[in-house]
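Novice: Chains as they are written, first to last, in my numbering: chain E, 275 to 676; chain B, 275 to 676. By construction, the Cβ of each residue, glycine as well, lies at the ideal position given by its N, Cα and C atoms. Below are the structure tokens for one structure; questions will follow.
Shown next, in the form of structure tokens:
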């Protein structure tokens, strides 16, 4: 038994790449038995996420697929589809991220799977809501970023449309899907009934961006245009110091006045442009411009010390490389060196959150492609011959069979 | 009754600005009774989020606080603290985002609140894990972005450290907090026991960034440096067309080859740099460079039509302004014009997700400061005199008293 709040929950995960695996990763980390169903060639992320010792478990794949079991099924064949339906019939949650037509054709729609299994929670990570004109379009992280305003916000900041430097649409919508699944699990405990969930990426990211940036167009008639001027101001950035950059946040009057005092400019507190939250909002460009030039005389370490003593919120700036050496992350043990059966030693990213009731006890290394095909199908009641026939259909060679 | 899967759940929300309100917004949207406890001056976001007709309900505040009730309590006074403890003793969930010391002093730690109320779920949105050296530091969105690698990734993309053009740390960690709360609610149905949850912003964002960008340093010995070269490449952006930009995603061989065919360059399919997922990963700069110049001859509409027919995933690029006019978002009715008692007509951002079991039936407009103080305290059993005394302590004037 895995331990953790979701112990005893079985998830059949038919998703691939990032949005679905993010969602099922959370469920797996807290104790669910997540069975990742892959096509014979494997999840695209195994290679798309970069090189690896075996060539089949990229770093990004590792970080989104631990604590899961991998089953290879070639869903182009009927025996594989039948085996899959068998797995789904004993599952608590099924996660899919194909398009509507493909879902229907494969017999994997909520209607098909829940007809005889009303306790099942079916979570469909769709690209787009089914009542809109984009319903059947394909969706991927970058095109959702570009269509939902992420790139629009980047353009306001940088002058040219570009994407955020993370898989922001995939990663964010994956987190949102977890909420929907957990809410359905909660409700099932009360009512005995499962649910059919649709999580469209485009609408979720549009809503995410609009909560932040609909701004003055939220009122009718509008009080102005879109965009939060504080967040879209290019002067709002880590501040240059004598030897690098420092990150500073001074929003309330108390913090801002402490900042003015700490840098030896107490007279700024009386400046009508900067003397209140509303005044600084109105004069945000001047305020940010001032901050940008204010800290060049001392080192980052000196300023951190000064701001700590003055209760001005500040932190060191980290590159992606220096982040790995952050002393606080070492204190809390975020990165854990573990042995992987095929990839040698890898760094697992531990769970950031603490729950008095605990997470799972064991750790399953990210699975090799089809590593648990035999085990899972045998547990599902298939006999050795049936499993052998499926593996032949899967075109798995002996080395893939574990 | 509100309807929705979380009907009957009462949440006392002591958080402010964004990270906590994001979390409780989700709970409220699905039927929980969220009581937002504000200091006499109100949540900072009421003004920090921009101007509004009343001056006290900025657009950003509106979008993160609908379906909640607002109670003003001046927690510097003992009668207010006592009233708050009374509210917490009847709650299912308490959400806090102050620092550890302040939490202890106010008697709002998990230990204090759960001692006589083991069914309570206490969710603490901390800045940092308590076993690390940053435990007592203050945390805000920008400084967490700067410290956790968000700005580091932006620097790799743009050459200079800057922040993402959204409250990425607040918004993302708020979504993660919802997961933890819902998981605890699920488990409570099974065991009868609540939970104590700690959600540190810094570790969560560091983990978010490292899953994407630890990359070749995930292996020990490392196979290379940090950073996903596909995502951090500045050439990976919406592609210029004759009259604007288009967003394109072609990752699999099938999509990429269809793209080469669609633009009249079938010979590219045989180019050894571009003929497989692994080859394009190795030659990602050349591949992106090629794409960037490939679409300048036709308009966005022409390319969208061509790519639709060729099954190449593509979408129009939206600015923050044009996003509001997207026809699919109109089809699905994402934006709903509603009347607000103090702000006139406002645009509510509807729920993107569908759940067969439904969301809440009613809609509560984002509350005026302290709008429900009388109502909530009376429901909690306080008599008219006690409520009047608290309101005097709160320094609420008559117009604030609803």
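Do we get a CB-CB distance below 8 Å when we pair residue 616 of chain E with the residues of chain B?
Specialist: Judged by the 8 Å Cβ criterion, residue 616 of chain E is not in contact with chain B.
Novice: Exposed or buried, what is residue 666 of chain B when buried is set at 16 or more other beta-carbons lying within 10 Å of its beta-carbon?
Specialist: Under this definition residue 666 of chain B is an exposed residue.
Novice: Which of the three DSSP states, helix, strand or coil, is assigned to residue 548 of chain E?
Specialist: DSSP places residue 548 of chain E in coil when its eight states are reduced to three.
Novice: Figure out for me which residue from E:664, E:448, E:469 and E:498 has the closest Cα to the Cα of residue 651 of chain E.
Specialist: It is E:664 whose Cα lies nearest to the Cα of residue 651 of chain E.
Novice: Listed in chain order, which residues of the region 414–435 of chain B have Cβ atoms closer than 8 Å to some Cβ of chain E?
Specialist: Answer set for the region 414–435 of chain B: 414, 415, 416, 417, 418, 419, 420, 421, 422, 423, 424, 425, 426, 427, 428, 429, 430, 431, 432, 434 and 435.
Novice: Rounded to the nearest angstrom, what separates residue 637 of chain B and residue 415 of chain B at their Cα positions?
Specialist: Going by the C-alpha atoms only, they are around 29 Å apart.
Novice: Are the region 586–600 of chain B and the region 613–620 of chain B touching by the rule of at least three beta carbon pairs closer than 8 Å?
Specialist: No: the two stretches stay apart, fewer than three of their Cβ pairs being nearer than 8 Å.
Novice: Along the chain, where does the alpha helix (DSSP H) containing residue 374 of chain B start, and where does it finish?
Specialist: Per DSSP, residue 374 of chain B belongs to the alpha helix (DSSP H) from 374–379.
Novice: Runs of 4 residues minimum, wholly inside the region 438–508 of chain B: which ones carry the alpha helix (DSSP H) assignment?
Specialist: Those alpha helix (DSSP H) runs which fall completely within the region 438–508 of chain B and span 4+ residues are 442–465 and 475–487.
Novice: Suppose contacts are defined by Cβ-Cβ distances below 8 Å. Is residue 519 of chain E in contact with residue 502 of chain E by that definition?
Specialist: No, the pair does not count as a contact, with Cβ atoms beyond the cut-off.
Novice: If the cut is a Cβ gap below 7 Å, which residues of chain E does residue 526 of chain B touch?
Specialist: Near residue 526 of chain B (Cβ distances below 7 Å), the residues of chain E are 318.
Novice: Hey, does residue 621 of chain E have any beta-carbon neighbour from chain B nearer than 8 Å?
Specialist: At least one chain B Cβ lies under 8 Å of residue 621 of chain E.
Novice: Return the CA-CA distance between residue 341 of chain E and residue 310 of chain E, expressed in angstroms with no decimal places.
Specialist: Going by the C-alpha atoms only, they are around 10 Å apart.
Novice: Touch check for the region 530–539 of chain E and the region 352–366 of chain B: three-plus C-beta pairs under 8 Å?
Specialist: The region 530–539 of chain E is not in contact with the region 352–366 of chain B.
Novice: Taking residue 453 of chain E as the query, report the chain B residues whose CB atoms sit under 8 Å from its CB, ordered along the chain.
Specialist: Going along chain B in sequence order, the residues near residue 453 of chain E (Cβ under 8 Å) are 300, 449, 452, 453 and 456.
Novice: Could you tell me whether the Cβ of residue 627 of chain E comes closer than 8 Å to any Cβ of chain D?
Specialist: Although the question refers to chain D, the structure presented lacks it and instead comprises the protein chains E and B.
Novice: Quick one: measure Cβ to Cβ for residue 494 of chain E and residue 621 of chain B, integer angstroms, because I've assumed they're closer than 8 Å.
Specialist: So it is a contact: roughly 6 Å between Cβ atoms.
Novice: Is there a Cβ from chain B that is less than 8 Å from the Cβ of residue 363 of chain E?
Specialist: By this cut-off, residue 363 of chain E is not an interface position.
Novice: For residue 590 of chain B, count neighbouring Cβ atoms within 10 angstroms of its own Cβ and tell me buried if that reaches 16, exposed if not.
Specialist: Per the 10 Å Cβ criterion, buried.
Novice: In three-state terms, what does DSSP make of residue 287 of chain E?
Specialist: If DSSP states are grouped into helix, strand and coil, residue 287 of chain E belongs with the strands.
Novice: If we call anything under 8 Å between Cβ atoms a contact, is residue 345 of chain E one with residue 444 of chain E?
Specialist: No, the Cβ-Cβ distance between residue 345 of chain E and residue 444 of chain E is not below 8 Å.
Novice: Going by C-alpha to C-alpha distance, which of B:327, B:323 and B:288 sits closest to residue 496 of chain E?
Specialist: Residue B:327 is the option with its Cα nearest to residue 496 of chain E.
Novice: Determine whether the beta carbon atoms of residue 318 of chain E and residue 427 of chain E lie at a separation below 8 Å.
Specialist: In this structure, residue 427 of chain E does not lie closer than 8 Å to residue 318 of chain E by Cβ.
Novice: Can you check whether the CB of residue 452 of chain B is closer than 8 Å to the CB of residue 437 of chain B?
Specialist: Not in contact: residue 437 of chain B and residue 452 of chain B (Cβ atoms no closer than 8 Å).
Novice: With three or more beta-carbon pairs closer than 8 Å as the criterion, would you say the region 630–645 of chain B touches the region 466–481 of chain E?
Specialist: Touching, yes, given that three or more Cβ pairs across the two stretches are closer than 8 Å.
Novice: Closest Cβ-Cβ distance between residue 655 of chain B and chain E: below 8 Å?
Specialist: So, not an interface residue.
Novice: Taking one C-beta from the region 538–558 of chain E and one from the region 368–379 of chain B each time, how about it: are there three or more such pairs within less than 8 Å?
Specialist: Too few Cβ pairs lie closer than 8 Å, so no.
Novice: Have a look at residue 564 of chain E and residue 418 of chain B and give me their C-alpha separation to the nearest angstrom.
Specialist: If I take the Cα positions, the gap works out to 21 Å.
Novice: Since I believe residue 304 of chain B is in contact with residue 463 of chain E (beta carbons under 8 Å), could you give me their beta-carbon distance rounded to a whole number of angstroms?
Specialist: That belief does not hold up - the Cβ atoms of residue 463 of chain E and residue 304 of chain B are roughly 15 Å apart, past 8 Å.
Novice: In whole angstroms, what separates the C-alpha of residue 479 of chain E from that of residue 661 of chain B?
Specialist: Cα to Cα, residue 479 of chain E sits roughly 42 Å from residue 661 of chain B.
Novice: DSSP three-state label for residue 295 of chain E, please.
Specialist: Reduced to three states, the DSSP call for residue 295 of chain E is helix.
Novice: Quick check on residue 307 of chain B: does DSSP put it in helix, strand or coil?
Specialist: Note: residue 307 of chain B maps to strand in three-state DSSP.
Novice: Should residue 397 of chain E and residue 455 of chain E be called a contact, given that it needs their Cβ atoms to be closer than 8 Å?
Specialist: The answer is yes: Cβ separation under 8 Å.
Novice: Leaving out the 5 sequence neighbours to the left and right, which residues in its chain are closer than 7 Å to residue 275 of chain E when beta-carbon positions are compared?
Specialist: Answer for residue 275 of chain E: 281, listed in chain order.
Novice: Secondary structure at residue 563 of chain E, three-state DSSP: helix, strand or coil?
Specialist: The answer is helix: DSSP assigns residue 563 of chain E an H, G or I state.
Novice: Hey, does residue 674 of chain B have any beta-carbon neighbour from chain E nearer than 8 Å?
Specialist: For residue 674 of chain B, the pLDDT reaches just 44, beneath the cut-off of 50, and the residue's location in the model is therefore unreliable, although a value from the coordinates is still provided. No, its Cβ sits nowhere closer than 8 Å to a Cβ of chain E.
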